[in-house]
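Under the working numbering, the residue at position 134 of the sequence shown is numbered 1424, and the numbers go up by one with no gaps. The C-beta atom is built at its ideal place from N, Cα and C for all residues, glycine as well. Here's the structure we're looking at; comments come further down.
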Amino acid sequence: MSCARVAPLALVFALVFACEGVAHAATSLESLSIQIVNQLDDKLPAGAQVAIGKVVTDQRITNESALTTRIAEHLVSRVKGGAIARDVHDAAAARVARRATVLLSPQLLRGTVSLAAQVFVPRANVWTRAKDKDNPLVAQTTAFAQADVELRQFLEPISLERLKLTSFGYEPFGDGDPPLAIACGDLNGRGALAVVSRREVRIGYLAQGQVRWDKKVKWIDIARRSPVPLREPVVTALFNGKLWVGSSDRGGAVFDGKAWRAIDGLPVLVDPPSDSVWCAPPRPTENALSGELTNCRGIQAPLVLPAHDAQVWQVAGRVLFRRAGGEVSIRDAEGATIELEGAEAVTLGDLDQDGKPEVVLSTDAPARMRVAVLDGQNTIQKLQLDLPHSVLALTMCPAETEARPSVLVLTANEVLRVR
């Protein structure tokens, strides 16, 4: 791998954020307290005590006391009229407390952190209180956020050097129709993966060393043939609660778990702030996809790139794309670019959840996968794995579909999971 810093290019490179006047995006734990305050509003009594129970989680917490204290402090600082933290850990204690109590119950499961809030208020009438000592539950709500860097500091660190391969075989595609794209994410509340070729789209999941297919569909049944296909086909796939697929032979389609709908262009990028999907129309004159992205309904998106020939990845302010011709570029918000050579397949994500994205790329002859951390305008290689077969495609799986983020490696006869 070789890298070089390139001067910012004279092109539009703007990301539009929805919140104006906010100094920084809310962290996961801040977001939980903001949601609870907004949802409960005047049902949060001034001067209430804020209590928090144990964290229910599928991950190892290194300092649970510090984590629960941080969660409680975020809410205490936002209650109108002030609040205080108290050592009350369950509903039974909150029901007999002598002051209004906000009981928090945190969970961290499959990469999603949730915070349930229950408000208990003592009865005002002394005679009623003598008759029924339990404080009534007057309001409750639950907030959700994705685990981020703030939360990860309380969990067992993920070591990139200890990543391992697990193999999952799958039923081969037809002769002359190799799979070209793979994606993983959530569909109908369940972790799923999709593998796409020029003729077919398959949806399934990993189990007991095999890829189990739930659904198979032919491209001819979900999208019309493109009047001017590219000489070298481009196939894309991604999830954002729905499955979005694209083919330069056919155009694009989206599946909501029940039905398919045609879209304009090939889906290439999930915009992190809004979770919306951006599409790229084919540009036959350059045998590539246009860098003028749209919202998949023909309306131009705020990100403009050079012509590219594969999916686009955006993580922590970095955008990765492969230019027409094969060069891989990783660009930051100021337009400064890292160029990577020799990558057959590539993806971008935050495997160790430390806030610094990693680039994962594969090479042929011999077949290898490399993991490198992006540090400013440099890459620092952390891991190199020899692979049994050449790589057809890579994708980064978010933490919400696994206990931790992972990479899926697509080959001609198996899917390799790296985590």
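Look at residue 1487 here: in three-state DSSP terms it is coil, with no helix or strand label.
Residue environment analysis places residue 1631 among the exposed positions, since fewer than 16 neighbouring C-beta atoms fall within 10 angstroms of its C-beta.
In the structure shown, residue 1640 falls within a coil segment according to DSSP collapsed to helix, strand and coil. The residues 1493, in chain order, have a CB closer than 6 Å to that of residue 1505 in the same chain once the five nearest residues on each side in sequence are set aside.
Listed in chain order, the beta strand (DSSP E) runs fully inside the region 1598 to 1656 are 1603 to 1605, 1608 to 1612, 1618 to 1621, 1627 to 1630, 1635 to 1639, 1648 to 1653, counting runs of at least 3 residues. With a cutoff of 8 Å on beta-carbon distance, residue 1652 and residue 1681 are scored as near each other. In this structure, residue 1516 lies near residue 1540, with their beta-carbon atoms less than 8 Å apart. Counting only residues of its own chain and dropping the five nearest sequence neighbours on each side, residue 1525 has a CB closer than 6 Å to the CB of 1470, 1471, 1486, 1537.
In this structure, the alpha-carbon of residue 1529 lies about 7 Å from that of residue 1474. By the CB criterion at 8 Å, residue 1499 and residue 1459 fall inside the cutoff. DSSP lists 1398 as the beta-bridge partner residues of residue 1347. Per DSSP, the continuous beta strand (DSSP E) segment holding residue 1675 begins and ends at 1668 to 1676. For the set 1579, 1461, 1553, 1463, the Cα lying nearest the Cα of residue 1518 is the one of 1579.
Among the bridge pairs identified by DSSP, residue 1480 is matched with 1477. Leaving aside the five residues that flank residue 1623 on each side, the residues in its chain whose CB is nearer than 6 Å to its CB run, in chain order, 1607.
Rounded to the nearest whole angstrom, the C-alpha separation of residue 1358 and residue 1612 is 43 Å.
Take residue 1701, set aside five residues on each side of it, and the residues of its chain with a beta-carbon closer than 7 Å to its own are 1679, 1680, 1681, 1682, in chain order. Put simply, of 1694, 1706, 1699, 1676 the residue whose alpha carbon is nearest the alpha carbon of residue 1399 is 1694. For residue 1689, there is no enclosing beta strand (DSSP E), as DSSP gives it neither H nor E. Your pair residue 1658 and residue 1677 checks out as a contact, with CB atoms roughly 6 Å apart and the cut at 8 Å. Bridge partners of residue 1665 according to DSSP: 1668. In this structure, DSSP gives residue 1498 a state outside helix and strand, which the three-state scheme calls coil. For residue 1371, same chain residues with a beta-carbon under 7 Å away, outside a window of 5 residues either side, are 1336, 1337 in chain order.
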